[in-house]
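Everything in the sequence shown is counted per my numbering, starting at 17 for the first residue and increasing by one.
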Amino acid sequence: MPDPEAQAPVFPAPRTDVLQPPPAYAEMRKCPVMRVRYPYAQEPWLLTRYADVRSALADPRLSSDSRNPDLPRLHPFPPGPSNVSFAHMDDPDHGRLRKTLTSEFTYRRVQAMRPAIETVVDELLDSLAGQGGPVDLVPAFALPVPSLIMCTLMGVPAADQQFFQQRTHTVAGAADPAEVGQAYAELYAYMDELTTAKERDPQDDLLSRVAQKYVLTGQITHEEFVGVARILLIAGHETTASMIALGVVTLLRHPDQLAAIRAEPELISTAVDELLRFHSITLNGVVRVAEEDLEIGGHPVAKGDGIAFSLLAADHDETVFPDAARFDARRANAGQHLAFGHGVHQCLGRSLAKLELEIALSAIFRRFPDLRLAVDFDDLPFRPDDRFIYGLYALPVTWGSATTPSGTEETK
17 MPDPEAQAPV FPAPRTDVLQ PPPAYAEMRK CPVMRVRYPY AQEPWLLTRY
67 ADVRSALADP RLSSDSRNPD LPRLHPFPPG PSNVSFAHMD DPDHGRLRKT
117 LTSEFTYRRV QAMRPAIETV VDELLDSLAG QGGPVDLVPA FALPVPSLIM
167 CTLMGVPAAD QQFFQQRTHT VAGAADPAEV GQAYAELYAY MDELTTAKER
217 DPQDDLLSRV AQKYVLTGQI THEEFVGVAR ILLIAGHETT ASMIALGVVT
267 LLRHPDQLAA IRAEPELIST AVDELLRFHS ITLNGVVRVA EEDLEIGGHP
317 VAKGDGIAFS LLAADHDETV FPDAARFDAR RANAGQHLAF GHGVHQCLGR
367 SLAKLELEIA LSAIFRRFPD LRLAVDFDDL PFRPDDRFIY GLYALPVTWG
417 SATTPSGTEE TK
């Protein structure tokens, strides 16, 4: 077993396969808690085992407050007003702000959005079919699907959707901390204006409902409303977009699994859970600080110590997911993944994200039966692991023929 107090290895560790976790994570799982070295001199404890990660994510003795100077940071931009949201707060503030959105993302309410999501997906695929390949699927499909849906849900003008796609893409994938910080600030400034407009002239959309129920009644401040709106947009946009692109690549690289889904369309729900487990794309944003002395996995952690979580390592823990390196669309316990987190901070929009993925992936392979990469797999530009969200910068694809949304072959 590795020594938890030995010289800390650099985190994140390098990959040798773009569709697999870094090999070092398997060795790290032999040690329940170990120090790792962040780029800016911090050495938090890293959790990699499924049981430890799941338990610690639900531990109220661990703080998520981004204003805490001891919180591990992979990037150095400070937690100013434009960077703070309820996702990085502790109770009671976290619960008070999160409840403003809980009724908007119930299972029933999300399922009622299915026709609207299907319409967005079909219209984008119509555009692709008319354009013909090759095409970069990231800006042409993966990004617009969640962007159009979330912007419509929130009441964002259609003319501003490109602005959000560009800024959230920067937040998730840019290398320059100054560039990321600037994108955050621009999103905050826009959301400040948009939420002010919703307070003054409510419409039939999510932000207007929050404004009427919580802001105008004094239950949350305008500044808190801005933070709620900003995290909703970012969390509901870039992560799903990245998973759509990764899902397409993964299924193309596993034609036997794609064939199984085509033969049994009802497998798509399990397959999406398996994709979420397989990639666990939130790489570096899940961190905590110990608010008291405690033990994790039998190892002492002192008050004030930073803690980092590798959801990717946990979701490849062989004690929970046998043969974890294999993508299996029929994996019986795929739904136990931690890609959406766990505990009070579990992703609020997980049902919407899953539904978008199921609809988008089913539709694109039904519409383009011979969809394939337009470049060699080794030439695909994957993001490095020191970004917040894993994914692809571009995904060139092509096809020979397309079907109509109903499944019949289109004529040219």
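Glycine included, C-beta positions come from ideal geometry on N, C-alpha and C.
- In this structure, the CA atom of Y41 is about 23 Å from the CA atom of D75.
- DSSP lists no beta-bridge partner residue for E139.
- Setting aside the 5 residues that flank it on each side, R70 is surrounded in the same chain by A330, L354 and H358, each with a C-beta closer than 8 Å to its C-beta; the list follows chain order.
- By the criterion of at least three beta-carbon pairs nearer than 8 Å, the segment 204 to 221 is not in contact with the segment 114 to 132.
- For the options P38, L262, A156 and P25, the alpha carbon positioned closest to that of Q58 is the one of P25.
- For the pair P160 and I312, the Cα-to-Cα distance works out to about 41 Å.
- Excluding its 5 nearest sequence neighbours in each direction, T64 has C-beta neighbours in its own chain below 7 Å: Y41, M44, R45, S326, A329 and A330, listed in chain order.
- Annotation: the continuous alpha helix (DSSP H) that includes G263 extends over E254 to R269.
- Boundaries of the beta strand (DSSP E) around G322: G322 to F325.
- T414: member of the beta strand (DSSP E) spanning P412 to T414, first to last residue.
- Inside the segment 305 to 360, DSSP marks whole beta strand (DSSP E) runs of 3 or more residues at positions 310 to 312, 315 to 317 and 322 to 325, from first to last along the chain.
- Annotation: the continuous alpha helix (DSSP H) that includes L248 extends over H238 to A251.
- The segment 99 to 109 makes no contact with the segment 339 to 346, as fewer than three CB pairs between them are under 8 Å.
- For M50, the enclosing beta strand (DSSP E) covers residues V49 to R51.
- A straight line joining the alpha-carbon of G263 with that of T233 spans about 43 Å.
- The straight-line gap separating the alpha-carbon atoms of A257 and W61 is approximately 30 Å.
- By the Cβ rule, the segment 170 to 187 counts as touching the segment 234 to 250, because three or more pairs are nearer than 8 Å.
- Its Cα nearest to that of L268, the residue V413 stands out among A340, D289, A29 and V413.
- By DSSP's assignment, D152 forms a beta bridge with P412.
- Sequence-distant partners of L371 (beyond 5 residues in either direction) whose C-beta falls short of 8 Å from its own C-beta, in its chain, are V126, Q127, M129, R130 and I133.
- Boundaries cannot be given for L232, as no alpha helix (DSSP H) includes it and DSSP labels it neither H nor E.
- Proximity of the segment 221 to 232 to the segment 290 to 307 falls short of the contact definition, fewer than three beta-carbon pairs being nearer than 8 Å.
- Looking at the backbone, the Cα of T266 and that of L35 are separated by about 8 Å.
- For L291, the uninterrupted alpha helix (DSSP H) run begins and ends at I284 to H295, by DSSP.
- The three-state reading of DSSP puts F404 in coil, since its state is none of H, G, I, E or B.
- By the neighbour-count definition (other C-beta atoms within 10 Å, threshold 16), Y409 is an exposed residue.
- When secondary structure is reduced to three states using DSSP, T122 falls in the coil class, being assigned neither helix nor strand.
- Remark: C-beta atoms of A376 and P150 do not approach each other more closely than 8 Å.
- 8 Å or more divides the Cβ of A158 from the Cβ of A67.
- With fewer than 16 other Cβ atoms inside 10 Å of its own Cβ, S143 counts as exposed.
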